[in-house]
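Enquirer: Starting off with a structure, shown below.
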Amino acid sequence: SIFGTGNPKVDSGKQYGLGICTHNDELHVAWSESDLFDRVQKLADEFISDNVILDTLPVKESPYWNTARERAKIRKSKWQEKILTVYYRPFDWRKIYYEPDLMEIGRGGASRQVMNHAKHCTRNLMVAKGYEIESFEHVLVSDTLAVHHAATRKEGNYLFPLYRYPDPNKQNALFDAHEPSAAPGGRRPNLSAAFIADITGKLAMRFVEDGHGDLHATLGPEDIFAYMYAVFHSPLYRTRYAEFLKIDFPRLPLTTNVDLFRALCALGERLVKLHLLEQFGTLLPLYPAEGNNMVEKIEYR
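Quick note on the numbering used here: the sequence shown kicks off at 104 and runs consecutively.
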């Protein structure tokens, strides 16, 4: 109930989606843009036979992949524009050839819309719906697209973009009754009207539709994201609601204590920036042995 258009006349459908499942990471994901460009260029090259592709690239015929059919799709597309940064594993950004028509999960219109938001959005919440391992540890933040195991070891993670961006190919299809936004990229907060009314009522603050508020008279989407991120990483929250977290998405408790809200916003903002490597801590790791802590040799045993 947190995420939505913010407009009750427009709110419909999910505003989140499961992370990307390529069905073939060896083909779609690479460490460098040049490696990925080379792979896709070969797929698009009409002078390279299908047999050579099957022998030299990590593809095989399957219900999801017909070589001749998929190569025809690639040739008709602007594939050079679809090589993007992806959040692949915790603190691990790579390159992806993001073409939903070639993937197992990502073909649907709703998933494409969510990823269109996520690739522009610098604050995407990644979280699992329930968990089966020993404890809840399934919350991270991405500043771009993310795959379905970017934040989880076993369960698939969902992406909740903080902002929604207009699709240039579908003018007025996204926001309908909304006027165009003056915010970066024409974005609007992906927060439901009911949730905004609830939190602003409890804190007696006015909601601003982009960025941060002053946390005295106003609050913004990024303040809410920081507060949420702090709460979801609280050991007490994870212990108290452990049984609920096993079966559903985490729920966000709201406070009427403005000082507590400000403190959690500050902690959450710092944690978001640390997790996105936008800032770094001051403490350095030390080794419990004599010496200068310099790693001079690595041995594999």
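Even for Gly, the Cβ is constructed at its ideal location relative to N, Cα and C.
1. Just checking, does the stretch 346-363 make contact with the stretch 226-243 on the three C-beta pairs under 8 Å criterion?
2. For residue 294 and residue 162, I'd like the C-alpha separation in whole angstroms.
3. How should residue 105 be labelled, buried or exposed, when 16 other C-beta atoms within 10 angstroms of its C-beta is the threshold for buried?
4. Under a Cβ-count criterion, where at least 16 other Cβ atoms within 10 Å of its own Cβ denotes burial, should residue 226 be classed as buried or exposed?
5. Please return the same chain residues whose Cβ sits closer than 8 Å to the Cβ of residue 303, not counting the five positions on each side in sequence.
6. According to DSSP, is residue 327 helix, strand or coil?
7. Use the C-beta contact count for residue 155: other C-beta atoms within 10 angstroms, 16 or more gives buried, fewer gives exposed.
8. Between residue 148 and the rest of its own chain, which residues show a CB-CB distance below 8 Å, the 5 nearest in sequence each way excluded?
9. Distance check for residue 169 and residue 287, CA to CA, integer angstroms please.
10. Of all the beta strand (DSSP E) runs that stay within the bounds of the stretch 167-238, which reach a length of 3 or more residues?
11. Does DSSP put residue 340 in a helix, in a strand, or in coil?
12. Could you tell me the boundaries of the beta strand (DSSP E) in which residue 260 lies?
13. What span of residues does the alpha helix (DSSP H) with residue 375 cover, start to end?
14. Identify the continuous beta strand (DSSP E) that holds residue 243 and give its terminal residues.
15. Count the CB pairs spanning the stretch 379-396 and the stretch 335-351 that are closer than 8 Å, and state whether there are at least three.
16. Which of the three DSSP states is assigned to residue 290 in this structure?
17. Determine the closest residue to residue 375 out of 285, 244, 234 and 258, with distance taken between C-alpha atoms.
18. Could you check what DSSP says for residue 314 in three-state terms: helix, strand or coil?
Expert: Straight from the coordinates:
1. Look at the beta carbons and you see the stretch 346-363 touching the stretch 226-243: at least three pairs across the two are nearer than 8 Å.
2. If I take the Cα positions, the gap works out to 40 Å.
3. With at least 16 other beta carbons inside 10 angstroms of its own, residue 105 counts as buried.
4. buried
5. 309, 310 and 322
6. In the displayed model, residue 327 falls within a helix according to three-state DSSP.
7. exposed
8. If we look at residue 148 and ignore the five residues flanking it on each side, it has no Cβ neighbours.
9. Distance from the CA atom of residue 287 to the CA atom of residue 169, rounded to whole angstroms, is 40 Å.
10. Runs of beta strand (DSSP E) with 3 or more residues, each lying fully within the stretch 167-238, are found at 186-192, 195-200 and 227-231, listed in chain order.
11. helix
12. First-last of the beta strand (DSSP E) with residue 260: 260-264.
13. Counting along the chain, residue 375 sits inside the alpha helix (DSSP H) bounded by residues 361-378.
14. 242-245
15. No: the two stretches stay apart, fewer than three of their Cβ pairs being nearer than 8 Å.
16. coil
17. 244
18. Three-state result, residue 314: coil.
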